[in-house]
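Asks: Top line first, the protein sequences correspond to chains A and B. Letter by letter, the first sequence follows residues 0 to 321 in numbering that gives the first Met the number 0. Letter by letter, the second sequence follows residues 0 to 266 in numbering that gives the first Met the number 0.
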Amino acid sequence: MRVLKLEKKRLNGFLGKLADSYEIIAPVKKDLVKFEKVTNFDEIYLEKNSYFPVKEYFFRKQEVLFKFSGTKITVPNPGNPKRVFFGIRRCDLNAINHQDMVFMGQINDPYYMSMRQNSFLIGYHCNEAPSPFCFCGSMELAEYFDLMFYDKKDYFLVEVGSEKGKFLVNKFKGFFTELPILISSEEKKIPGADRLENKDISKLYDHPDWKKGVDICLSCAACTTLCPTCYCFEVHDEVKAKNPAEGQRKRDWSSCQLPSFTKVAGDHVFRETREDRFKHRIYHQLEYFRQKNGVDLCVGCGRCIEGCPTRIDFVSIINNMK
Amino acid sequence: MAENPFVPKLYKVLDFYRDAEDMFTLTINMKKEHQPGQFVQISLPGVGEAPISIGSDSKEHIKLSIKEVGNVTRALSRLRKNDKILIRGPYGKGYPMESLKGNSIIIVGGGCGVAPLRSVIDYIENHRAEYRDVQLFFGYRAPNEILFKKEMEDWKKKYSMKITVDKNPKGKFCYDAAEGHITDIIRQAELNNKNKVVFLCGPPKMMQSVIDVLKQRGFHDDQIFLSAERMMYCALGVCCHCMIREKFTCTDGPVFRYDEIKDLKND
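#1: Can you check whether the CB of residue 93/A is closer than 8 Å to the CB of residue 140/A?
#2: Using a threshold of 8 Å, state whether the C-beta atoms of residue 143/A and residue 96/A are closer than that.
#3: Flag this pair as touching only if the region 178 to 190 of chain A and the region 33 to 42 of chain A have three or more C-beta atom pairs under 8 Å; answer yes or no.
#4: State yes or no: is the beta carbon of residue 227/A nearer than 8 Å to at least one beta carbon in chain B?
#5: I'd like the ranges of any alpha helix (DSSP H) spanning at least 4 consecutive residues and lying wholly in the region 194 to 252 of chain A.
#6: Looking at residue 317/B: is its Cβ nearer than 8 Å to the Cβ of residue 248/B?
#7: Please work out which residues of its chain come closer than 6 Å, Cβ to Cβ, to residue 60/A, disregarding the five sequence neighbours upstream and downstream, and give them in chain order.
#8: Could you check what DSSP says for residue 150/A in three-state terms: helix, strand or coil?
#9: Between residue 74/A and residue 3/B, is the Cβ-Cβ spacing less than 8 Å?
#10: Which residues in the same chain as residue 208/A place their Cβ atom closer than 8 Å to its Cβ, once the five residues preceding and following it in sequence are excluded?
#11: Using C-beta distances below 6 Å, list every residue in its chain close to residue 161/B, excluding the 5 sequence neighbours before and after it, in chain order.
#12: Please confirm whether residue 4/B has its beta-carbon closer than 8 Å to some beta-carbon of chain A.
#13: Residue 102/A to residue 211/B, Cα distance in whole Å?
#14: Relative to the alpha-carbon of residue 7/B, which residue among 244/B, 234/B, 245/B and 126/B has its alpha-carbon at the smallest distance?
#15: Indicate the three-state DSSP secondary structure (helix, strand or coil) for residue 98/B in the structure shown.
#16: Given residue 10/B, which residues of its chain have a CB within under 6 Å of its CB, disregarding the five upstream and five downstream residues?
#17: Can you pull the chain B neighbours of residue 262/A, defined as C-beta to C-beta under 8 Å?
#18: Where DSSP assigns a beta bridge to residue 85/A, which residues make up the other side?
#19: Looking at chain A, which residues of the region 29 to 56 of chain B have a Cβ within less than 9 Å of any of its Cβ atoms?
#20: Which residues of the region 9 to 27 of chain B have a Cβ closer than 9 Å to any Cβ of chain A? Give them in chain order.
#21: Assuming the contact rule is C-beta atoms closer than 8 Å, residue 128/B and residue 64/B should be a hit. Round their C-beta distance to whole Å, please.
#22: Can you check whether the C-beta of residue 274/A is within less than 8 Å of a C-beta belonging to chain B?
#23: Select from 12/A, 67/A, 90/A and 78/A the residue whose C-alpha is nearest the C-alpha of residue 227/A.
#24: Residue 16/A and residue 176/A - do their beta-carbons sit closer together than 8 Å?
#25: Please tell me whether residue 263/B has its Cβ less than 8 Å away from any Cβ of chain A.
#26: Establish whether the CB of residue 91/A and some CB of chain B are separated by less than 8 Å.
#27: Listing by chain order, which chain A residues have their CB less than 8 Å from the CB of residue 236/B?
#28: For the region 191 to 210 of chain A against the region 196 to 206 of chain B, do three or more pairs of beta-carbon atoms, one drawn from each stretch, fall closer than 8 Å, so that the two count as touching?
#29: When you compare each of 53/A, 1/A and 282/A to residue 295/A by their alpha carbons, which one comes out closest?
#30: Quick check on the DSSP output: the alpha helix (DSSP H) that includes residue 313/A runs from which residue to which?
#31: So, for residue 267/B: in the same chain, excluding its five sequence neighbours on each side, which residues have a beta-carbon less than 6 Å away from its beta-carbon?
#32: Determine which residues of the region 80 to 99 of chain B have a Cβ less than 7 Å from any Cβ of chain A, and write them out in chain order.
#33: Taking residue 302/A as the reference, give the member of 111/A, 57/A, 98/A and 88/A with the closest Cα.
#34: How about residue 230/A: is its C-beta nearer than 8 Å to some C-beta of chain B?
#35: Roughly how far, in whole angstroms, is the beta-carbon of residue 234/A from the beta-carbon of residue 250/A, given that I think they are within contact range, below 8 Å?
#36: When you compare the CB positions of residue 213/A and residue 2/A, do they come within less than 8 Å of one another, or not?
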């Protein structure tokens, strides 16, 4: 892939030019690190990965599917926001790839597509694992970005990964110097991120250690909320208190870790125990999704472990299964 | 622009009929092609959406037999002729009628599980020459839950039909039903598995006990087809609520061949 050089001191200038036409969304550190719209580029925080993934900009927490008045339906037009996302780690870029497979591959989700259409993804390569919970090196991650920035102290190497990426560097070519080099696969490796020793869990379903591991689970759903790949949702109708004939049908994030996730009319719950629900999440991440899409859903960001209030570490649980 | 998969279309109720104390059948002017065993997502704006199996085989309309168990189904029970209704679908894989031509078909339904199987009975009616013997076994908890009383008059003339009711304490029940469980009449029927397939729908426990009896009678796992029920929102294979391990009830099912899901316990 084509490689260019951008002097670090010119980064803000480049982003400033982009900001003339696009919203710049990048990680910002407040109490927690989160992707936000940035106007002062000195606020961009790249030392650690963001606590919250970037997924909420595409697969939004709440989506109005349509409004209704009686049986008359109006589908809202969420527009095609023009945005440049800067500073997305390799794990999260792959998470976007996996959600693209769901919402633009398995189905044509017009709401997701409208958020993705005019968005540019600029990655930021981790020179080392940014958190002790990372294990992206154990997963098979793909090259999925428009541009990828490699931090080389005084400058960035910029790898062009798509037509969209090519469009950006060509449009602002004054900032870049073309280099006749390639980024080697060695340079793309992230040291210290291969904690998961065995990701083939197909024969471990009935292993007793699953239960031991989740005895301290609070069923709080932090793991699925922080997960950059989890894409489960539920759909509910909301009506106006003054006029129940008017309202909207909404899609919200949902979590397989809550008992209500499988509750049918008549109050029967199919996955009643925490063990069953925990296993379902891990197996969906490491096995079920691969059967349909040829790749593991999990990208190894470690957020579900870092954000768990009781620090349940499924990677250690699997590593310790003998 | 591709069609928005979340937006339902508007239809009209052609008929409302109360089948049993807590069950009713809506006839709706939906003329989309469908297979027996498939389902639709029916909704009332402001109340919500529910997956309901199609209980008919017609090019002119669909019939939905619905049990009042939740918010949506209770609200649907207030619909009457000419009311408007929103529907998406049909969805899912139904009974593989085409590939089972030439077989005898045994239909086993428990309670409101009889409703989806009516689509198979109607289909056989429309393609009678393509299938051999048809046997119907229906089990209900109580006489007031018995479905399709009118239709049964016709079915019992054409097919072998047996019904059980768990309890019939007064003995005043006027239908030709035995007191007991559905497994009793299946045991008594002395079935063999030659050129036969079984279509099964009902509560999970009932389906399991019926399968146990069938296995004793020599039926193989791939001769048994069952219809699963799960929580479901999208019906498109993406919301994940209906997953049974790696299978999606909405797109891989709701009709599964038993050997596809038999190792998956009750999850």
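Beta carbons: idealized from backbone N, C-alpha and C, even for Gly. Remember, it's a predicted structure, so these values are computed and weren't measured experimentally.
Replies: Taking the geometry as given:
#1: For the purposes of this step, residue 140/A is taken as the residue at position 141 of the first sequence. For the purposes of this step, residue 93/A is taken as the residue at position 94 of the first sequence. Yes; because the gap between Cβ atoms is below 8 Å, this pair is in contact.
#2: Numbered from 1 along the first sequence, position 144 holds the residue referred to as residue 143/A. Numbered from 1 along the first sequence, position 97 holds the residue referred to as residue 96/A. Yes, the pair counts as a contact, with Cβ atoms nearer than the cut-off.
#3: no
#4: Translated into positions along the first sequence, residue 227/A becomes position 228. Chain B contact via Cβ: absent.
#5: 208 to 213 and 221 to 225
#6: Only positions 0 to 266 of chain B appear in this structure, which leaves residue 317/B out of reach.
#7: Translated into positions along the first sequence, residue 60/A becomes position 61. If we look at residue 60/A and ignore the five residues flanking it on each side, its Cβ neighbours are 252.
#8: Here residue 150/A refers to the residue found at position 151 when the first sequence is read from its first residue. Strand, per DSSP.
#9: Residue mapping note: residue 74/A aligns to position 75 of the first sequence, counting from 1. Residue mapping note: residue 3/B aligns to position 4 of the second sequence, counting from 1. Against a cut-off of 8 Å, the Cβ pair of residue 3/B and residue 74/A comes out as a contact.
#10: Your numbering for residue 208/A matches position 209 in the first sequence. So the list reads 316, 319 and 320, once near-sequence residues are dropped.
#11: By 1-based counting over the second sequence, the position of residue 161/B is 162. Excluding positions up to five away in sequence, the list reads 136 and 184.
#12: Within the second sequence, the letter at position 5 stands for residue 4/B. Interface residue, yes.
#13: Here residue 102/A refers to the residue found at position 103 of the first sequence. Here residue 211/B refers to the residue found at position 212 of the second sequence. Cα to Cα, residue 102/A sits roughly 41 Å from residue 211/B.
#14: For the purposes of this step, residue 7/B is identified with residue 8 of the second sequence, where counting begins at 1. Selected option, being the one with the closest Cα: 234/B.
#15: Along the second sequence, one-based indexing puts residue 98/B at 99. Helix at residue 98/B.
#16: As a working note, residue 10/B is residue 11 in the second sequence. Same-chain partners within the cutoff: 27, 28, 29, 84 and 86.
#17: By 1-based counting over the first sequence, the position of residue 262/A is 263. Going along chain B in sequence order, the residues near residue 262/A (Cβ under 8 Å) are 230.
#18: Here the question's residue 85/A lines up with position 86 in the first sequence. In DSSP, residue 85/A forms a bridge with 121/A.
#19: 42, 43, 44, 45, 46, 47, 48 and 49
#20: 9
#21: If you number the second sequence from 1, residue 128/B lands on position 129. If you number the second sequence from 1, residue 64/B lands on position 65. Cβ atoms of residue 128/B and residue 64/B stay farther apart than 8 Å, at about 27 Å.
#22: In the first sequence, residue 274/A corresponds to position 275, counting from 1. No, its Cβ sits nowhere closer than 8 Å to a Cβ of chain B.
#23: Residue mapping note: residue 227/A aligns to position 228 of the first sequence, counting from 1. Residue 90/A is the option with its Cα nearest to residue 227/A.
#24: Reading the first sequence from its first residue, position 177 is the one you call residue 176/A. Reading the first sequence from its first residue, position 17 is the one you call residue 16/A. Taking 8 Å as the Cβ cut-off, residue 176/A and residue 16/A do not qualify as a contacting pair.
#25: As a first step, residue 263/B is located in the second sequence; it is residue number 264 there, counting from the start. Residue 263/B does not count as touching chain A.
#26: Here residue 91/A corresponds to residue number 92 of the first sequence, with the count starting at 1. It does not: the Cβ of residue 91/A has no partner Cβ on chain B nearer than 8 Å.
#27: To locate residue 236/B, count along the second sequence from 1; it is residue 237. Going along chain A in sequence order, the residues near residue 236/B (Cβ under 8 Å) are 105 and 106.
#28: no
#29: To locate residue 295/A, count along the first sequence from 1; it is residue 296. Among 53/A, 1/A and 282/A, the Cα nearest to that of residue 295/A is on 282/A.
#30: In the first sequence, the residue the question calls residue 313/A occupies position 314. Run containing residue 313/A: 313 to 318, per the alpha helix (DSSP H) assignment.
#31: Residue numbering for chain B in the displayed model covers 0 to 266; residue 267/B lies beyond these limits and cannot be assessed.
#32: 83 and 85
#33: In the first sequence, the residue the question calls residue 302/A occupies position 303. Cα-wise, what sits closest to residue 302/A is 88/A.
#34: By 1-based counting over the first sequence, the position of residue 230/A is 231. Closer than 8 Å to some Cβ of chain B, the Cβ of residue 230/A qualifies, so yes.
#35: Your numbering for residue 234/A matches position 235 in the first sequence. Your numbering for residue 250/A matches position 251 in the first sequence. Going by Cβ atoms, the distance from residue 234/A to residue 250/A rounds to 5 Å, so yes, they are a contact pair.
#36: Here residue 213/A refers to the residue found at position 214 of the first sequence. Here residue 2/A refers to the residue found at position 3 of the first sequence. No; because the gap between Cβ atoms is not below 8 Å, this pair is not in contact.
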